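Residue numbers (the numbering used here): -5 to 222. Quick reminder that beta carbons are idealized off the backbone N, C-alpha and C, glycines included. Values in this document were obtained by computation on a predicted structure and should not be read as measured data. Read the structure below first, then the notes.
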Amino acid sequence: MRTSQKRALIVGASRGLGLGLVETFLERGWRVTATQRTPSPQLAALASDALRIETVDIDDDAAVAELHERLGPQAYDLIFVVAGVATQAHDPAHAVPRAVAAQVYLTNAISPVRFAEAFRDRLAPGGSIALMSSVLGSVALNESGGWETYRASKAALNTLARSFEIRHRDSGIGVLLVHPGWVRTDMGGAEADIDVATSVAGMADAVEARLGTPGCHYLDYRGETLAW
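Structure below.
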């Protein structure tokens, strides 16, 4: 299959890393279906015959089911769930209202895996499901603390993704948990190490290099494996 024939479904593409991934895969000749939670002028500005834009909230199971129906039988070589939140990430866990902490967990851990389950039948042979994780989700590498509820949500995502892959291992499914680096976005802040262009180019390279590789792999934007 030629690169120009590959198809990606990128979930959570209204801005930042998701938007950058859409741009990158379009530039590499992929056909891209991109989702937004609310209308995004930046995403609309990428107007291309190779781009389809849909609206969905991954926390809404009915909306995800409706998206599945709207997209029909189309198969994707890559399904990349980028959507996530970092509400009150700088507050210690005991200072975050229970409802806020629960929502961070649902959006960052439960909803991505539920989306993967809902769209597993849309993954093309030799394709991969990628989920946006973080090095902050690594228990082994947590030597600085901070970002407690966000860290916990990404650690939970990693655990759930491994269980998802094991549950479907007989199908040879490939699952990628991707750390984008510390990126200068609204979430990462102005002091971050790298810009969006560097992160998304690296993530696209890493994903393409592992496309279709069975198992669950935790890696960063340089393609390097991270400790769980």
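Local conformation of residue i per DSSP, three classes
{"i": "Pro119", "result": "strand"}
{"i": "Ala96", "result": "helix"}
{"i": "Leu72", "result": "strand"}
{"i": "Val16", "result": "helix"}
{"i": "Leu37", "result": "helix"}
{"i": "Arg9", "result": "coil"}
{"i": "Arg1", "result": "strand"}
{"i": "Ile167", "result": "coil"}
{"i": "Arg(-4)", "result": "Confidence in Arg(-4) is poor, its pLDDT being 43 and thus under 50, which makes the residue's placement too unreliable to answer from."}
{"i": "Ala134", "result": "coil"}
{"i": "Ala77", "result": "coil"}
{"i": "Thr153", "result": "helix"}
{"i": "Ile104", "result": "helix"}
{"i": "Val201", "result": "helix"}
{"i": "Arg31", "result": "coil"}
{"i": "Thr207", "result": "coil"}
{"i": "Gly140", "result": "coil"}
{"i": "Asp53", "result": "coil"}
{"i": "Gly66", "result": "coil"}
{"i": "Val90", "result": "coil"}
Per DSSP, the bridge partner or partners of residue i
{"i": "Val172", "result": "Met126 and Leu213"}
{"i": "Leu45", "result": "Val26"}
{"i": "Thr219", "result": "Leu213"}
{"i": "Val177", "result": "Ile188"}
Rounded Cβ spacing between residue i and residue j (contact assumed at less than 8 Å)
{"i": "Gly14", "j": "Val194", "result": "4 Å"}
{"i": "Leu205", "j": "Asp115", "result": "Going by Cβ atoms, the distance from Leu205 to Asp115 rounds to 18 Å, so no, they are not a contact pair."}
{"i": "Trp222", "j": "Tyr215", "result": "Trp222 to Tyr215, Cβ: 18 Å. No contact."}
{"i": "Ala124", "j": "Leu170", "result": "4 Å"}
{"i": "Gly131", "j": "Ala149", "result": "5 Å"}
{"i": "Val90", "j": "Gly6", "result": "The pair is not a contact, with the Cβ atoms about 22 Å apart (cut-off 8 Å)."}
Buried versus exposed call for residue i [16 or more other C-beta atoms within 10 Å across all chains shown]
{"i": "Ser8", "result": "buried"}
{"i": "Gly272", "result": "In the structure displayed, the chain extends from -5 to 222; residue 272 sits before or after that span and is not available."}
{"i": "Gln4", "result": "A small fix is needed here, since residue 4 is Ile in this sequence, not Gln. Buried, by the Cβ-count rule."}
{"i": "Gln(-1)", "result": "exposed"}
{"i": "Ala95", "result": "buried"}
{"i": "His173", "result": "buried"}
{"i": "Thr219", "result": "exposed"}
{"i": "Pro67", "result": "exposed"}
{"i": "Glu159", "result": "buried"}
{"i": "Pro106", "result": "buried"}
{"i": "Arg25", "result": "buried"}
{"i": "Thr(-3)", "result": "Unreliable placement is indicated for Thr(-3), whose pLDDT of 44 sits below 50; the coordinate value is still reported in the next sentence. Result: exposed."}
{"i": "Arg161", "result": "exposed"}
{"i": "Met(-5)", "result": "Unreliable placement is indicated for Met(-5), whose pLDDT of 38 sits below 50; no coordinate value is reported for it."}
Report yes or no: do the stretch 95 to 106 and the stretch 163 to 174 share at least 3 C-beta pairs separated by less than 8 Å? no
Between the stretch 198 to 205 and the stretch 135 to 155, do at least 3 Cβ pairs fall closer than 8 Å? no
Contact between the stretch 35 to 53 and the stretch 61 to 76: three or more CB pairs below 8 Å? yes
With a threshold of 8 Å, are at least 3 pairs of Cβ atoms found where one atom belongs to the stretch 80 to 89 and the other to the stretch 137 to 152? yes
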